[in-house]
Amino acid sequence: MQIIRNRLMVNHIPRFGFKYMSDSTFLNEEHLQIQKAALDFSKEKMLPYSAEWDKKHHFPKDVLRELAAMGFSTIYVKQESGGVGLDRLTASVIFEALSYGDVTTTAYLTIQNMCAYMVDQFGNEEQKKTWIPRFSTFDAFASYCLTEPNSGSDSKNMKTFAKKDGNDYVINGSKCFISGGSVSDVYLLMCKTSEKDVSCIIVEKGTPGLSFGKLEDKMGWNASPTSMVLFDNVRVPQSNLLGKEGNGFKMAMSALDGGRINIASCSLGGASFAFDLSKDYLHDRKQFGQPLASFQGLQFKFADMATNLVTSRLIVRQAAQMIDNNHPDKTLYSAMAKRYATDSCFNVANEALQLHGGYGYLSEYQIERIVRDLRVHQILEGTNEIMKVIISRNLLK
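Going by my numbering, the sequence shown opens with residue 166, and the numbers climb by one from there.
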């Protein structure tokens, strides 16, 4: 019994390996080399500390800066803009591997990448020169502000408004559930600039009138701060407008296609770790004189978990390639991948908890943290119910 407890403790790395994530479908040799580098970092610099980060609500800025030094903060930002210039498929592979060690930290890393992508894709040369070098090193931490207290998926009805006043915008309103809220140095704000138009404006921390709500006490994602972001007559120059006025909704949707793949990839990494822990447990734990792995009922459950992981990975990678190729159905497949993978991976983690019995429920072990962290993936980047709306509308139009 003691050997089982030792292997379940928070610093345990599954000894049976990383079989399913090394699936080379869609991947070339460069992908596999990058995956190995990300996974090695994840096991060495993230996994041994993830439980402590969760318990103490610690935001590991130092680790994020180490990831930036590997090029992982501007993965799909163009090289000429100061990024790494890789594709969405490579980003998915990286985020999956890093999430094996810590889901929450990796999820914040995806937000940094999304903000850098938006500046690269829609910003002018001055904005690119100002922000992308700082994003690439985590000299500046970034947050994406879309959701409001009374406007989640219905983003066209947001209330935050930026009114022109001379050469400035004066912003009033609030955003909620913002990852990095109060900690980030810059906020990419989606707001109304007319009754119909949504625009994106860059707001720096420290701007008068910008404030933050309390840090939210969450079920999971405890290693990443979340708060409301409040705008009370916040004045910024019109030069802080990202892209064209009125193009904000289009920009948000463009970013969300990739964001959905990113968060699905994080789900894959966390669920893969839970799966590997379960492999160890089924071999080590004995009942009625034989290991749990010998019981057919548990074998069937384990087979379903493996199948769900593999099928999730395939659809996520397919959708990532469709974004890379600007396929006309990229939004459809991104929604499918996000819905399927986040649901399936949460179920894999939840089944892993069940397989571990009472051990899985104890906070000093690792499984329950993964379940808590993966649950929110079914909500953010558009709820999975909204994913079904997107899917059906695309298929029925």
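Where a beta carbon is used, it is the ideal one built from N, C-alpha and C, also for glycine.
- G424 is not a Cβ neighbour of M416, given a cutoff of 8 Å.
- Taking 8 Å as the cut-off, the beta carbon of V481 is found closer than this to the beta carbon of A506.
- For T275, the enclosing alpha helix (DSSP H) covers residues 268-287.
- Each residue's CA atom was taken as its position, placing A500 and M552 some 5 Å apart.
- When the beta-carbon positions are compared, T302 and A233 come within less than 8 Å of each other.
- The alpha carbon of I276 has as its nearest neighbour, out of E245, G247, L311, the alpha carbon of L311.
- Along the length of the stretch 512-540, whole alpha helix (DSSP H) runs at least 4 residues long occupy 523-526, 532-540, reported in chain order.
- Within the stretch 415-491, the complete alpha helix (DSSP H) runs of at least 4 residues fall at 461-489.
- Apart from the 5 residues on each side of it in sequence, L421 sits with its Cβ closer than 7 Å to the Cβ of E546, G547 in its chain, given in chain order.
- In chain order, W386, A388, S389, D538 place their CB closer than 6 Å to the CB of T269, counting only its own chain and leaving out the 5 sequence neighbours on each side.
- Look at D330 here: in three-state DSSP terms it is strand.
- Distance between K361 and Y334, taken at the CA atoms: about 17 Å.
- Contact annotation: I297 and V401 have beta-carbon atoms that are not nearer than 8 Å.
- Looking at the backbone, the Cα of A305 and that of N278 are separated by about 12 Å.
- If you compare the alpha carbons of K340, A216, R478 with that of P314, the shortest gap goes to K340.
- In the DSSP annotation of this structure, the continuous segment of the beta strand (DSSP E) that includes S376 starts and ends at 375-377.
- Under the three-state reduction of DSSP output, T239 falls in the coil class, being neither helix nor strand.
- Under the DSSP assignment, M552 falls in the alpha helix (DSSP H) whose first and last residues are 549-561.
- About 6 Å separates the CB atoms of G345 and Y273; that is less than 8 Å, so the two are in contact.
- In this structure, DSSP gives V228 a helical state, which the three-state scheme calls helix.
- Cβ contact annotation for E217 (same chain, cutoff 6 Å, sequence separation greater than five): none.
- Counting the other CB atoms within 10 Å of its CB gives F465 a total below 16, which places it among the exposed residues.
- The stretch 432-450 makes no contact with the stretch 282-298, as fewer than three CB pairs between them are under 8 Å.
- By the 16-neighbour rule on beta-carbons within 10 angstroms, F260 is buried.
- In the same chain as M487, and ignoring 5 residues on each side of it, the C-beta atoms closer than 8 Å to its own belong to D494, K495, Y498, S499, in chain order.
- Listed in chain order, the non-local C-beta contacts of L251 below 7 Å within the same chain comprise I240, Y241, local neighbours out to five positions each way being set aside.
- The Cβ atoms of L204 and A262 sit closer than 8 Å to each other.
- From the listed residues F377, D350, S404, the smallest Cα separation to D397 is found for F377.
- Residue state for Y505 is assigned as helix, using DSSP reduced to three classes.
- Across the set D449, S246, Q452, S509, the C-alpha of S509 shows the shortest separation from the C-alpha of T472.
- Straight across, the Cα-Cα distance linking Q403 with N332 is about 6 Å.
- A direct Cα-to-Cα measurement between G374 and S349 gives close to 16 Å.
- With a 10 Å radius around the Cβ and a threshold of 16 neighbouring Cβ atoms, V554 comes out exposed.
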